[in-house]
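Residues 4 to 603 in my numbering are what the sequence shown lists, from first letter to last. All residues carry an ideal CB built from backbone N, CA and C; glycine is no exception. Model, not experiment: these values are computed from the prediction.
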Amino acid sequence: MERQILISQDANEKQVAILEDGRLEEFYIERGDSTKLFGNIYEGVVKTVIPGIDAAFVDIGTGKDGFLYVMDALRSPMDLDADFDDPDEKKPEGIASEIKPVGSVSVEVPSPAPAQPQVVEGQQAPMQAEAPVQGQAPVQGQGPVSEKAPGQEHGRGGRRGGRDGGRGRHQRGGRHGGRNQPPSQSHAPQKEFQHQRRPRIEEVLKVGQKIIVQVVKEPLGTKGPRLTTQFSIPARYLVMMPGESKIGISRRVENRSERERIRGIFRSLEIPKGVGFIVRTNAEGKSDADFTRDIRYLLRLWKKIHGLISAKKAPVMIHQELGLVERVVRDYVNEETTKIVVDHPEIYKKLKRFTSVYMPGQDLNIEFAKEKGSLFERHGLEKEIERTFQKNVQLKSGGSIVIEQTESLVAIDVNTGKFTGNSKGLEETVYKNNVEAAQEIARQLRLRDVGGIVVIDFIDMEQGQHRRSLFNIFKEAVSKDRAKTHLVQVSELGLIQMTRQRMRPSLESAVYDTCPYCEGKGNIKSTATMAIQVIRELRKSLKDSRDRIVNAYVHPDVAERLLQQEKKALRYLEKSTGSRISVYSEPAAHREDINITFIK
Numbered sequence: 004m005e006r007q008i009l010i011s012q013d014a015n016e017k018q019v020a021i022l023e024d025g026r027l028e029e030f031y032i033e034r035g036d037s038t039k040l041f042g043n044i045y046e047g048v049v050k051t052v053i054p055g056i057d058a059a060f061v062d063i064g065t066g067k068d069g070f071l072y073v074m075d076a077l078r079s080p081m082d083l084d085a086d087f088d089d090p091d092e093k094k095p096e097g098i099a100s101e102i103k104p105v106g107s108v109s110v111e112v113p114s115p116a117p118a119q120p121q122v123v124e125g126q127q128a129p130m131q132a133e134a135p136v137q138g139q140a141p142v143q144g145q146g147p148v149s150e151k152a153p154g155q156e157h158g159r160g161g162r163r164g165g166r167d168g169g170r171g172r173h174q175r176g177g178r179h180g181g182r183n184q185p186p187s188q189s190h191a192p193q194k195e196f197q198h199q200r201r202p203r204i205e206e207v208l209k210v211g212q213k214i215i216v217q218v219v220k221e222p223l224g225t226k227g228p229r230l231t232t233q234f235s236i237p238a239r240y241l242v243m244m245p246g247e248s249k250i251g252i253s254r255r256v257e258n259r260s261e262r263e264r265i266r267g268i269f270r271s272l273e274i275p276k277g278v279g280f281i282v283r284t285n286a287e288g289k290s291d292a293d294f295t296r297d298i299r300y301l302l303r304l305w306k307k308i309h310g311l312i313s314a315k316k317a318p319v320m321i322h323q324e325l326g327l328v329e330r331v332v333r334d335y336v337n338e339e340t341t342k343i344v345v346d347h348p349e350i351y352k353k354l355k356r357f358t359s360v361y362m363p364g365q366d367l368n369i370e371f372a373k374e375k376g377s378l379f380e381r382h383g384l385e386k387e388i389e390r391t392f393q394k395n396v397q398l399k400s401g402g403s404i405v406i407e408q409t410e411s412l413v414a415i416d417v418n419t420g421k422f423t424g425n426s427k428g429l430e431e432t433v434y435k436n437n438v439e440a441a442q443e444i445a446r447q448l449r450l451r452d453v454g455g456i457v458v459i460d461f462i463d464m465e466q467g468q469h470r471r472s473l474f475n476i477f478k479e480a481v482s483k484d485r486a487k488t489h490l491v492q493v494s495e496l497g498l499i500q501m502t503r504q505r506m507r508p509s510l511e512s513a514v515y516d517t518c519p520y521c522e523g524k525g526n527i528k529s530t531a532t533m534a535i536q537v538i539r540e541l542r543k544s545l546k547d548s549r550d551r552i553v554n555a556y557v558h559p560d561v562a563e564r565l566l567q568q569e570k571k572a573l574r575y576l577e578k579s580t581g582s583r584i585s586v587y588s589e590p591a592a593h594r595e596d597i598n599i600t601f602i603k
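In structure tokens form, the structure reads like this:
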């Protein structure tokens, strides 16, 4: 497979298209006037503490207060896809604040960060219960640092799926038992924490308290950003988690020997105390030097972030995630990337500087497109991008899929359309149509960047083996997605239910506004309905009047309907009220506009 990354800028908008074997697979937009919060770290001020929902609202200086759930103040809601080392495995002796790669000179690094959550010096620490009860979970600022990674809830074995892949397995446990386990007892038997109660938000945070938080979900609609107090800072091959002490490997690194090789490399490194790492998917085959370079970069970055705490008056941003172009290069460039094409000179220079500092020694083919005209148009992408905003997506075989996005979920319907299959019968025709649709749906979900609940209505299949095969094919197609997904097996009705991680607003919401006429309904009243409504409005206006002269100004289609099909009803209304009614066509009027004017 050959991968190309095309980067274009027009006016104030950057566009990035990722092509695999010449086909558009992912598309992103970033505008200079839009504020991106995901991944940013802020020093905020607790604005409101609401015990009824066990959450607090934190002012981070962005206009909308961030939402911080009590468990996100203790654990991170970011589910990182990784298998973690055995907690009982012996660590190298003499762990210090330096990294010592095998066969290389030791490198000094900054001291690790204190345990999370960060409470700014000079502020009141989160309140403790007056007298600890048996099995009570410690509040923040007490006890040793937990060994769970962000998103790994207490007592769940560090098995949740995450940003780089699918959903992991869960150990079974009580509703609250797994969540409330103290860090110091994170591997104790279930009986040890069965009776622990969840800390209440008012015990963890106080109004006016300063707190360091990271945005893990962009604001959506009227909702503010979602926050966490445990940070996750990505580099090219690693994700650093200050306050953790474990090394995890992405589940997408499936080769056992490769996973063991990576573990061996990290066993040879002395990682600073209180800092954990996730090895990302694109780290396969990388050397200890690559990992050391990332570790050096991340620790320098964390030292810089830590030094900015309390340097300015809260609320204030103390770390900003990379922009779209740099983020795509960091996360998507791999051995299959043949070239990166840029059509804007400033972006080209910026990208060359970024790769020389951030990715030294890598031979990246970055080209500046000197040809006139649109870069995307030359690659035949303009029409393809427009199709990503359409409800109906045509399949090559003649079938189609219909995608409806709502606030709560995305509904997708699969149709055979013109696809008639072959002589093998209806079941085989339906199966082939569903398979083609499954692969296209997985692609469309990535292109449109939709999130939340997705319900897919495949065409009913009678054979169980076809349903199982379809699920496996769809699961494999979805596995390419960098967003976290979770699938439920095909139901008897032919439905596949899934969730897709929503970190940012969808592509559609970034490009389109809600229609001011239909207000998001997607349709307007018919001409017949509006003609009848005009007559009702006229009758209401003439209810207590006689011998009046009235003009009705309406949309041309409505006027035509009134003067033809509804002419008899108008004459009856004139006769019953003793009035004279005139209907005028108003070309600039919306179909649902009615303007009734009395002349006399």
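| Item | Value |
| --- | --- |
| Own chain partners of I599 with C-beta closer than 7 Å, once the 5 adjacent residues on each side are dropped | E540, L541, S544, V553 and A555 |
| C-alpha distance - S585 paired with D416, whole-angstrom precision | 47 Å |
| Those residues which DSSP pairs with Q567 across a bridge | Bridge partners of Q567: none, in fact. |
| Cut-off 6 Å between Cβ atoms - residues of its own chain near A562, not counting five sequence neighbours on either side | V586 and S588 |
| Straight-line gap, Q365 to L301 (C-alpha atoms, nearest Å) | 19 Å |
| Chain-order list of residues whose beta-carbon lies under 7 Å from that of F294 (same chain, five-residue window excluded) | Y240, L241 and I268 |
| Spatially closest choice to V49 from E389, F70, P275 and E511, by CA coordinates | F70 |
| Beta-carbon spacing of L354, V332 below 8 Å | yes |
| Proximity below 8 Å, CB of I476 to CB of V433 | no |
| Contained alpha helix (DSSP H) runs [length at least 4] in the region 243 to 270, N- to C-terminal order | 259 to 270 |
| Residue interval of the alpha helix (DSSP H) (run including A440) | L429 to R451 |
| CB of E430 within 8 Å of CB of I527, strictly | no |
| Continuous beta strand (DSSP E) assignments of at least 3 residues falling wholly in the region 507 to 586 | 552 to 557 |
| Neighbourhood of L223 by C-beta distance below 7 Å, restricted to the same chain and skipping five residues each side | P508 |
| Run of the alpha helix (DSSP H) containing F30, from where it starts to where it stops | Here F30 belongs to no alpha helix (DSSP H); instead the beta strand (DSSP E) covers R26 to R34. |
| CB-CB length for L473 against A441, believed under 8 Å | 6 Å |
| 8 Å Cβ cutoff met for L230 and V210 | no |
| Contacts around Q393, its chain only, beta-carbon distance under 6 Å, and the 5 residues preceding and following it disregarded | none |
| K342 and Q7 closer than 8 Å at C-beta | yes |
| Straight-line gap, N258 to Y351 (C-alpha atoms, nearest Å) | 36 Å |
| Nearest-angstrom Cα separation, counted from L448 out to Q233 | 29 Å |
| Own chain, CB closer than 8 Å to K399, minus 5 neighbours either side, in chain order | E439 |
| 8 Å Cβ cutoff, F392 in contact with chain B | Within the model displayed, chain B is absent; a lone protein chain is all it includes. |
| Proximity to Y45 [Cα-Cα], best of L208, A314 and V52 | A314 |
| DSSP bridge partner residues for D416 (one or two, in chain order) | V405 and D460 |
| Member of T580, T419, A486 and I444 whose CA lies at the smallest distance from the CA of D463 | T419 |
| V360, buried or exposed, once every other Cβ within 10 Å from all chains shown has been counted against 16 | exposed |
| CA nearest to the CA of E495, picked from Q468, A513 and T488 | Q468 |
| Own chain residues within Cβ distance below 7 Å of E465, not counting five before or after | E430 |
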